[in-house]
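The next block holds one structure in the form of structure tokens; read it before the comments.
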Amino acid sequence: MVSVNRADTVPTAPSGGPAPPPRFERTAVVDLDAVRANVRRIRAVAAPARLMAVVKADAYGHGAVPVARAVLEAGADALGVAHVAEALELRSAGIGGPLLAWLHTVDTDFRAALAADVELGVSGWELAPVAEAARALGTTARVHLKIDTGLGRNGATEALWPQLVRAAAQAEAEGLVRVVGVFTHLAVADEPSRPETLDQLERLRAAVRTARSAGLRPALRHAANSPGLFSAAGLERPGDMLLDMVRVGVSLYGLSPFADRSPEQLGLVPAMTLRSTVGAVKEVPAGQGVSYGLDYVTARPTTLALVPLGYADGVPRTGTGGPVRIRGRNYPVVGRVAMDQVVVDLGAPGLSAPEHGLLGVEAVLFGAGEDPSASAWAEAAGTINYEIVARISPRVPRVHLHTAAGPGTAGRGGEQP
Ligand SMILES: *Cc1c(COP(=O)(O)O)cnc(C)c1O
């Protein structure tokens, strides 16, 4: 089954049979079977810890609602997002199950969150308004207390932690909150040889001890992100990292969180393909400048191909040199990435002739296979693969493949790959 995010452009099947995959000019194709396979792989690595599937930022650009459905089908125990607004969007789409949002402002609608049964991360100041919202609704907020063990972002400082757990215990006694979890976020887990991670985990254990002595009984301690999960096996006690639950984002989408390990080495399958077609092909002489600034000048007569994906589609403007796969070969983007398009140098003259048939052939910037990869684009643009997929803009329609779980994609109790 296929679904797209633009109902008005879905082709309808002539006879009520299955519609052919829609052919958009630009698409980010997301294979939900790849996402399901990644969930099964991640659960196997995390076991017996539970899996919170992180679907913030529209599931890192992959489409939060279809991805949330797929990960739950495949056995994820909970969903995680940054913002309450993201959580409410999932609830509006009918997504059930435990769902945590952890990044708030004074304008966050905690009442709406509680009314939608959304669990809340609490780092400090949020406790009072969350308890207030619970009182107003006559309900009990399920909260996860967050400790800053070294990242220096969200989370209570160790100095303020005793105060936070005392206040939380008081609110628990009043029936306004229930502390179901204690968590922290790791700073350098993608560099497994660095010592700070073990130190952070030790500080988390100390924070849990403090919480318990204040009378709290958090059942879910969680710290590991994708790199934490995949480096746990290298620790003396993997359980110190895996704890009761892992919060995994980028690996759900089949991307490696490590600079030096491929998805394949981690048992993951990239889920997104960013594709278009060759929109124009032309012959140019030596000395032809290409794109704004004329930074690239052809050294010899050659053929240029234009691909209509640019920085307004989320292709990084700094991504010159990034690969584009055309007919099984990767060509680098030459010249500047423009708002709407990139140009590749096909490296030989004469290829615009009709017998080569290049006009309209598929052009893949990165693919559900590993070549070319989102990581190759990250390298070209001086960023990380997370950003490459998360920044694909709404101008690019998402097409979801395998929206219905097929046989062999069972979740709990399903076969491990
Ligand atoms: C984004 C995020 C994650 C997921 O991290 P990945 O490296 O993508 O697995 C986990 N926890 C928190 C708090 C996050 O913000």
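Residue numbers (my numbering): -4 to 412.
Where a beta carbon is used, it is the ideal one built from N, C-alpha and C, also for glycine.
query                                                                                                         : result
THR205, DSSP secondary structure in three states                                                              : helix
Backbone CA spacing between LEU396 and ALA69 [nearest angstrom]                                               : 15 Å
Local Cβ density within 10 Å of SER271, reported as buried at 16 or more and exposed below that               : buried
Proximity test, SER118 beta-carbon vs ligand 1 heavy atom, cut-off 6 Å                                        : no
Any beta strand (DSSP E) of 3 or more consecutive residues that is wholly inside the segment 70 to 117        : 73 to 76, 94 to 96, 114 to 117
Three CB pairs or more closer than 8 Å across the segment 232 to 240 and the segment 320 to 340               : no
Validate contact between the segment 246 to 265 and the segment 20 to 32 using beta carbons, cut 8 Å, 3 pairs : yes
Three-way DSSP call (helix, strand, coil) for ARG45 in this model                                             : strand
THR398 - DSSP class collapsed to helix/strand/coil                                                            : coil
Distance cut-off 6 Å: ASN33 Cβ against heavy atoms of ligand 1                                                : no
Whether VAL203 touches VAL177 by CB criterion (7 Å)                                                           : yes
Residue range of the beta strand (DSSP E) that includes ARG173                                                : 172 to 178
With 16 other Cβ atoms within 10 Å as the buried cut-off, status of SER188                                    : exposed
Local Cβ density within 10 Å of LEU289, reported as buried at 16 or more and exposed below that               : exposed
Beta-bridge partners of ALA254, as assigned by DSSP                                                           : BP columns for ALA254 are empty, so no partner.
Assumed close pair ALA123, ALA129 - CB separation to whole angstroms, cut-off 8 Å                             : Contact doesn't hold; Cβ gap of about 11 Å is too wide.
Residue environment, VAL292, which counts as buried when at least 16 other CB atoms sit within 10 Å           : exposed
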